[in-house]
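For what it's worth, our numbering labels the leading residue of the sequence shown as 7, then goes sequentially. Just so it is clear, CB atoms sit at the ideal spot from N, CA and C, and this is done for glycine as well. For clarity, every value in this text was computed on a predicted model and none was experimentally measured. All remarks here apply to the structure that follows.
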Amino acid sequence: MDGAVRLKSGLWPCVLLVWCVATGGVQAQPLPWIDVHIHLLATDIGGAKALAAEVAAFAQAEGMRTALLFPPPQMGQDSILDGPEFSAALVEFGPRLAFLGGGASLNPLLQAAAERTPTPSELDVFRKRAELIAQSGARGFGEIALHHLSMTSKHPYELVSADHPYLKVLMDVAAARDLPIDLHFDPILAQSTLPEALRGNKNPSGFTPNVDGFERLLAYNRGARVIWAHAGGGDDFGAFTPHLVTRLLTEHPNLYLSVRPRSKRPGAILGTGERNDAWLAVIESFPDRFVMGSDSFFVQSTRGGAAQTFAERLGSQTQAIRRVLQLLTPETARKVASENAIRLYHLP
Ligand SMILES: [Zn+2]
7 MDGAVRLKSG LWPCVLLVWC VATGGVQAQP LPWIDVHIHL LATDIGGAKA LAAEVAAFAQ
67 AEGMRTALLF PPPQMGQDSI LDGPEFSAAL VEFGPRLAFL GGGASLNPLL QAAAERTPTP
127 SELDVFRKRA ELIAQSGARG FGEIALHHLS MTSKHPYELV SADHPYLKVL MDVAAARDLP
187 IDLHFDPILA QSTLPEALRG NKNPSGFTPN VDGFERLLAY NRGARVIWAH AGGGDDFGAF
247 TPHLVTRLLT EHPNLYLSVR PRSKRPGAIL GTGERNDAWL AVIESFPDRF VMGSDSFFVQ
307 STRGGAAQTF AERLGSQTQA IRRVLQLLTP ETARKVASEN AIRLYHLP
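See the structure below:
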């Protein structure tokens, strides 16, 4: 009798293992994850509070441990609040909501001076703003645009030299404060004309190679960690590929990427056809270098434009992110879901 009981209980782990393998039971419990790339576009603190409540509910529904909020890379001195200016709206939601700064303050300064060298006093203003962001409780700087394609007729085109003095100041402050920079960089590998899919937007007609410049920026200060946004989202130039990313991750220890997996553009991890296993293989090869960023938009209703269009797509990327986490090995999934982000952004 005793022996029979022992035998039965000894069998339990095997039975459970078979059940788990057969049903995917190990992963049935969704992994809590961190979304490092959510855009909040508020024009006043009351609007920011209302949006923060929406984000908190969304984060909970989507199984997020933490959501990082910041403005997309703004062009002009527009009325969008930057991280430190809307951070008071997040307080009541505790550690679930955190923020980055600079998308609506540093980036407009950078884009406005894209064609010239800033004066020493302008550099000082830029540096002081970066320091203020660092002291405000921000978890990093973003979103900053190095090269940003225009995806709709109301969406800006942004281009700045990777050797720009403002970017060097930002890299130095980021390194000194150990805060990452969320960077938008659409890579171009060869002299190209505008792809058909991007016509009708604000893009130029020709493009010159820019990856060397990006690499110089990374090498300029190895203490600054750069989170290259929107990995695995495909691109119309065929440049943002697993091949390029593998080389850059190998050569640049301060480079990280945030994954935005769903797109109709060619090369996306979860696109219109088969899933892209080459991307999943890169993530498995560099499990400490990827985080998840849905690029979800929360926009105060008084504002129209491209952001409003993007806000209407809410939920599609987060669903795709959860799918990618299921496709990765459990150890890599845990790192990419939250462990890497906790370490990079110093989250509690
Ligand atoms: Zn972006």
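Classification of residue i by the beta-carbon crowding that lies within 10 angstroms, buried from 16 upward
{"i": "serine 307", "result": "exposed"}
{"i": "alanine 67", "result": "exposed"}
{"i": "alanine 94", "result": "exposed"}
{"i": "glycine 30", "result": "Because the pLDDT at glycine 30 is just 45, under 50, the model does not fix this residue reliably, and the point stays unresolved."}
{"i": "methionine 177", "result": "buried"}
{"i": "aspartate 88", "result": "buried"}
{"i": "proline 186", "result": "buried"}
{"i": "valine 166", "result": "buried"}
{"i": "glutamate 98", "result": "exposed"}
{"i": "aspartate 126", "result": "Checking the sequence, you will find proline at residue 126 rather than aspartate. By the neighbour-count rule (16 or more Cβ atoms within 10 Å), proline 126 is not buried but exposed."}
{"i": "lysine 341", "result": "buried"}
{"i": "leucine 295", "result": "The sequence shown places arginine at residue 295, not leucine. By the neighbour-count rule (16 or more Cβ atoms within 10 Å), arginine 295 is buried."}
{"i": "serine 211", "result": "exposed"}
{"i": "leucine 334", "result": "buried"}
{"i": "arginine 231", "result": "buried"}
{"i": "glutamine 117", "result": "buried"}
{"i": "glutamate 149", "result": "buried"}
Bridge partners - residue i, DSSP secondary structure assignment
{"i": "tryptophan 39", "result": "Met70"}
{"i": "alanine 343", "result": "According to DSSP, alanine 343 bridges with nothing at all."}
{"i": "tryptophan 234", "result": "Leu189 and Leu263"}
{"i": "serine 302", "result": "Ile44"}
{"i": "arginine 268", "result": "Leu276"}
{"i": "glycine 212", "result": "Thr199"}
{"i": "phenylalanine 296", "result": "Leu263"}
{"i": "glutamate 337", "result": "In the DSSP output, where bridge partners are listed per residue, glutamate 337 has none listed."}
{"i": "phenylalanine 76", "result": "His45"}
{"i": "leucine 165", "result": "His153"}
{"i": "glycine 239", "result": "Ala274"}
Element boundaries [beta strand (DSSP E), containing residue i]
{"i": "aspartate 188", "result": "187 to 191"}
{"i": "tyrosine 262", "result": "261 to 265"}
{"i": "isoleucine 150", "result": "147 to 154"}
{"i": "leucine 103", "result": "103 to 105"}
Residues near residue i by beta carbon distance below 6 angstroms, same chain, minus five either side
{"i": "glycine 229", "result": "Ala181"}
{"i": "histidine 258", "result": "Leu224"}
{"i": "asparagine 216", "result": "His153 and Ile194"}
{"i": "threonine 324", "result": "Glu68 and Ser300"}
{"i": "threonine 252", "result": "Val288"}
Close Cβ partners of residue i (< 8 angstroms) along its chain, the five nearest in sequence each way excluded
{"i": "alanine 343", "result": "Leu37, Pro38, Trp39, Ile40, Met298 and Leu331"}
{"i": "threonine 214", "result": "Ile194 and Gln197"}
{"i": "proline 114", "result": "Gln80, Met81, Gly82, Gln83 and Asp84"}
{"i": "valine 11", "result": "Confidence at valine 11 is low in this model, with a pLDDT of 38, below 50, so the placement of that residue should be treated as unreliable; the coordinate-derived value is given next. So no residue of the chain qualifies."}
{"i": "proline 101", "result": "Thr72, Leu353 and Pro354"}
{"i": "methionine 208", "result": "Contrary to the premise, residue 208 reads as lysine rather than methionine in this sequence. Same-chain partners within the cutoff: Ser156, Ser159, His161, Pro162 and Tyr163."}
Of the residues the options, the one placed nearest residue i, counting alpha carbons only
{"i": "leucine 138", "options": "Leu165, Gly107, Pro162 and Ser167", "result": "Gly107"}
{"i": "alanine 221", "options": "Lys174, Val61, Phe292 and Ala62", "result": "Per the sequence presented here, residue 221 reads as glutamate, with alanine not at that position. Closest option to glutamate 221, Cα to Cα, is Lys174."}
{"i": "tryptophan 285", "options": "Pro126, His236 and Leu223", "result": "His236"}
{"i": "proline 248", "options": "Pro272, Ser111 and His170", "result": "Pro272"}
{"i": "proline 267", "options": "Gly239, Lys160, Lys55 and Pro124", "result": "Gly239"}
{"i": "serine 322", "options": "Ser300, Arg340 and Leu116", "result": "Ser300"}
{"i": "tyrosine 351", "options": "Ala56, Asp184 and Leu103", "result": "Asp184"}
{"i": "proline 201", "options": "Val217, Phe243, Asp188 and Leu189", "result": "Phe243"}
{"i": "leucine 75", "options": "Gly52, Ala48 and His153", "result": "Ala48"}
{"i": "leucine 250", "options": "Gln35, Ala120, Phe191 and Ile86", "result": "Phe191"}
{"i": "aspartate 241", "options": "Ala203, Val288 and Glu290", "result": "Ala203"}
{"i": "alanine 136", "options": "Tyr172, Ile348, Leu103 and Asp283", "result": "Tyr172"}
{"i": "threonine 123", "options": "Ala56, Val42 and His170", "result": "His170"}
{"i": "glycine 359", "options": "Ile86, Leu254, Asn227 and Pro78", "result": "Past the boundaries of the shown model lies residue 359; the chain is included only from 7 to 354, so the question cannot be answered."}
{"i": "proline 336", "options": "Arg319, Pro293, Ala347 and Arg349", "result": "Pro293"}
Limits of the unbroken alpha helix (DSSP H) element including residue i
{"i": "phenylalanine 220", "result": "217 to 226"}
{"i": "leucine 255", "result": "248 to 257"}
{"i": "tyrosine 172", "result": "171 to 183"}
{"i": "arginine 281", "result": "No alpha helix (DSSP H) holds arginine 281; DSSP gives it neither H nor E."}
{"i": "threonine 324", "result": "322 to 333"}
{"i": "serine 127", "result": "126 to 141"}
{"i": "glycine 109", "result": "Here glycine 109 belongs to no alpha helix (DSSP H), and DSSP marks it neither H nor E."}
{"i": "glycine 89", "result": "89 to 92"}
7 angstroms CB neighbourhood of residue i in its chain, flanking five on each side removed
{"i": "aspartate 90", "result": "Sequence inspection shows proline at residue 90; the aspartate mentioned does not correspond to that position. Closer than 7 angstroms at Cβ, skipping near neighbours: Gly107, Leu138, Ile139, Ser142 and Ala144."}
{"i": "arginine 329", "result": "Leu276"}
{"i": "valine 131", "result": "none"}
{"i": "glutamate 60", "result": "Phe304"}
{"i": "threonine 278", "result": "Lys270"}
{"i": "alanine 274", "result": "Gly238, Gly239, Gly240, Pro267, Arg268 and Asn282"}
C-beta neighbour in chain B for residue i, strict 8 angstroms
{"i": "isoleucine 348", "result": "Among the protein chains of the structure shown there is no chain B, as only one such chain exists."}
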